[in-house]
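Position in the sequence shown (first residue = 1) + 223 = this note's numbering. Below is one structure; the comments refer to it alone.
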Amino acid sequence: MPAVALDIGTYSIKSIHAKAGKVPSIQRVVEVFNETGIALPTDDMTASKLGELLDSFFGDNDLPRNDVRLTLPETVVSTKIIDIPPLSDAELSSAIGWQAEQNIPIPPEELSLEYQVLYRPEKKDNAQMRVLLVGTRKKMVEKYVAMFNEIGIEPTLLETQMISIIRSLQFTLDEPTTLIAHIGSSSMNLAIIHKSEMKFVISQMNGGQMLTKALEVSLGLDASQAEQYKRSYGLDGDQFQGKVKDALLPAVNMLISEIRKSVQFFVNQNPQEVVQRIVLSGGTALLPGIVQHITNELSVEVLVSSPFTGIEGEIPENVNHPAMSVCMGLLQREL
Ligand SMILES: Nc1ncnc2c1ncn2[C@@H]1O[C@H](COP(=O)(O)OP(=O)(O)OP(=O)(O)O)[C@@H](O)[C@H]1O
Ligand SMILES: [Mg+2]
224 MPAVALDIGT
234 YSIKSIHAKA
244 GKVPSIQRVV
254 EVFNETGIAL
264 PTDDMTASKL
274 GELLDSFFGD
284 NDLPRNDVRL
294 TLPETVVSTK
304 IIDIPPLSDA
314 ELSSAIGWQA
324 EQNIPIPPEE
334 LSLEYQVLYR
344 PEKKDNAQMR
354 VLLVGTRKKM
364 VEKYVAMFNE
374 IGIEPTLLET
384 QMISIIRSLQ
394 FTLDEPTTLI
404 AHIGSSSMNL
414 AIIHKSEMKF
424 VISQMNGGQM
434 LTKALEVSLG
444 LDASQAEQYK
454 RSYGLDGDQF
464 QGKVKDALLP
474 AVNMLISEIR
484 KSVQFFVNQN
494 PQEVVQRIVL
504 SGGTALLPGI
514 VQHITNELSV
524 EVLVSSPFTG
534 IEGEIPENVN
544 HPAMSVCMGL
554 LQREL
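Structure, rendered in structure tokens:
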């Protein structure tokens, strides 16, 4: 059955209509500018604005409304990995509420909690089990789902963005420890994957939009010129007398300093490990020169995610591939 994966970003709404599965076969990829700038409704007005936009998005692009898969932006999700003594599923289910109260900064009466065992030691020795907790505010999720119900959609999947992104990267057990930096427009999500397991995830409110703003201010450009200059010249110092690069650098370096902090945090917790690789995803991963610049700054291998590798189907030429990793991960989930 074909499914529709939807990734609502503050910059653009992205969707892939495909036969879902480990290797999705794509029927259509759609990306449109999000003129509302809203990724998640906070009240009735924003819900109806975004709902209307989505209704025409589905209508105009002839997208079916039966198996629609969604993500929640990492910024409204509280994700935590906890180490606790090994428990059976039943024991865990009665202990989880207390664990959530200790670890998730959302009051219990407002909390909607999902959890997943990441690791359970086989023998009852001193090893701890690791559990992933994902907390969201019930009201917020209800509002989000209600907005879709209004336009005739009963979502079949709602997960956090980083979970979809990690699935799209299809890590195997023997891959080097990797930091994923998903840089969108108004946010950057970071996660570290060690032995194919997520060690932590963190999100912050800066991304590509900050780079565009820097060009507007420094070079006196309007928003669309700044967007064009950013995409064409980026961090290439040979272009435009290096002016675009110079204007972008402080903002790019702010993002890099967040990445550096996350690497440091992981290494402090796991002194015998190193982060060997950085994978960039999200639209900003295509900034010219960003791979080389991060490589120079952090002395690690830097790659750009390519969620369409080995995938068949109609992929329009102008699509920003790394921006599509959320949608691809949603489609790769077996339901
Ligand atoms: N070739 C490019 N070079 C540099 N930046 C680019 C390029 N293409 C797109 N971008 C930037 O990527 C961002 C859009 O990426 P993406 O689609 O991942 O964001 P989003 O999902 O809409 O935002 P968010 O998730 O932060 O709400 C914009 O800031 C855009 O300017
Ligand atoms: Mg996004």
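Don't be surprised by glycine CBs; every beta carbon is placed ideally from N, CA and C. Everything numeric in this text was worked out from a predicted model, so none of it was measured.
Where residue i falls: helix, strand or coil (DSSP)
{"i": "Ser-317", "result": "helix"}
{"i": "Ile-513", "result": "helix"}
{"i": "Arg-288", "result": "coil"}
{"i": "Ala-241", "result": "strand"}
{"i": "Lys-436", "result": "helix"}
{"i": "Ile-389", "result": "helix"}
{"i": "Leu-442", "result": "helix"}
{"i": "Gln-451", "result": "helix"}
{"i": "Glu-520", "result": "helix"}
{"i": "Gln-322", "result": "helix"}
{"i": "Gly-460", "result": "coil"}
{"i": "Gly-536", "result": "strand"}
{"i": "Thr-395", "result": "coil"}
{"i": "Thr-400", "result": "coil"}
{"i": "Asp-348", "result": "coil"}
{"i": "Ala-262", "result": "coil"}
{"i": "Pro-545", "result": "helix"}
Extent of the continuous beta strand (DSSP E) run through residue i
{"i": "Pro-225", "result": "225-231"}
{"i": "Thr-302", "result": "301-307"}
{"i": "Ser-504", "result": "500-504"}
The alpha helix (DSSP H) enclosing residue i, as first and last residue numbers
{"i": "Glu-481", "result": "466-492"}
{"i": "Met-370", "result": "361-373"}
{"i": "Leu-273", "result": "267-283"}
Among the options, nearest to residue i - alpha-carbon criterion
{"i": "Leu-392", "options": "Gly-282, Met-551, Ile-231 and Ser-248", "result": "Met-551"}
{"i": "Met-411", "options": "Val-475, Gly-457, Met-352 and Gln-515", "result": "Val-475"}
{"i": "Ile-327", "options": "Ser-301, Glu-314 and Tyr-342", "result": "Ser-301"}
{"i": "Met-370", "options": "Ala-437, Gly-282, Pro-539 and Ser-271", "result": "Ser-271"}
{"i": "Met-433", "options": "Ser-480, Pro-473 and Ile-388", "result": "Pro-473"}
{"i": "Ile-479", "options": "Ser-522, Val-497 and Glu-398", "result": "Ser-522"}
{"i": "Ile-538", "options": "Leu-438, Met-224 and Ser-238", "result": "Ser-238"}
{"i": "Val-246", "options": "Gly-533, Glu-540 and Val-549", "result": "Gly-533"}
{"i": "Val-490", "options": "Thr-401, Ser-455, Gln-462 and Pro-511", "result": "Thr-401"}
{"i": "Gly-428", "options": "Ala-446, His-405, Gly-320 and Ser-419", "result": "A small fix is needed here, since residue 428 is Met in this sequence, not Gly. Answer by Cα proximity: His-405."}
{"i": "Phe-394", "options": "Lys-418, Gln-384 and Leu-413", "result": "Lys-418"}
{"i": "Thr-359", "options": "Gly-407, Val-440, Pro-399 and Leu-381", "result": "Leu-381"}
{"i": "Asn-493", "options": "Leu-396, Asn-543 and Ile-415", "result": "Ile-415"}
{"i": "Gly-274", "options": "Ser-316, Ile-231 and Glu-254", "result": "Ile-231"}
{"i": "Asn-541", "options": "Tyr-234, Ala-228, Val-549 and Val-253", "result": "Val-253"}
{"i": "Pro-399", "options": "Leu-526, Pro-264, Ala-228 and Val-255", "result": "Leu-526"}
{"i": "Leu-315", "options": "Ala-449, Arg-353, Lys-346 and Val-299", "result": "Arg-353"}
{"i": "Ala-228", "options": "Val-424, Thr-383, Tyr-338 and Ile-501", "result": "Thr-383"}
{"i": "Ala-350", "options": "Glu-337, Ile-307 and Tyr-367", "result": "Ile-307"}
{"i": "Val-502", "options": "Phe-463, Ile-389, Ser-279 and Ala-437", "result": "Ile-389"}
{"i": "Leu-413", "options": "Gly-505, Asp-461, Leu-509 and Glu-377", "result": "Gly-505"}
{"i": "Asp-397", "options": "Gln-499, His-240 and Phe-256", "result": "Gln-499"}
{"i": "Thr-259", "options": "Tyr-452, Ser-235 and Gln-495", "result": "Ser-235"}
{"i": "Glu-333", "options": "Glu-324, Val-340, Pro-225 and Ser-548", "result": "Glu-324"}
{"i": "Gly-244", "options": "Asn-257, Met-224 and Gln-322", "result": "Met-224"}
{"i": "Tyr-338", "options": "Arg-556, Asp-283, Ser-485 and Leu-356", "result": "Leu-356"}
Cross-strand partners of residue i (DSSP beta bridge)
{"i": "Val-340", "result": "Val-354"}
{"i": "Thr-294", "result": "Glu-382"}
{"i": "Asn-412", "result": "His-405 and Ser-426"}
{"i": "Met-551", "result": "Answer is none; Met-551 lacks a bridge partner."}
{"i": "Phe-256", "result": "Ser-235"}
{"i": "Ser-335", "result": "Thr-359"}
{"i": "Leu-526", "result": "Val-502"}
{"i": "His-417", "result": "Glu-420"}
{"i": "Tyr-556", "result": "Checking the displayed sequence, the identity of residue 556 turns out to be Arg instead of Tyr. Answer is none; Arg-556 lacks a bridge partner."}
{"i": "Ile-249", "result": "Ala-241 and Gly-536"}
Check: residue i C-beta below 6 angstroms from any heavy atom of ligand 3
{"i": "Thr-294", "result": "Summarising the ligand content, the structure contains ligand 1 and ligand 2 and does not contain ligand 3."}
Check your understanding: Near ligand 2, which residues have their beta-carbon less than 5 angstroms from any of its heavy atoms, given in chain order?
Key -> Gly-232 and Gly-407
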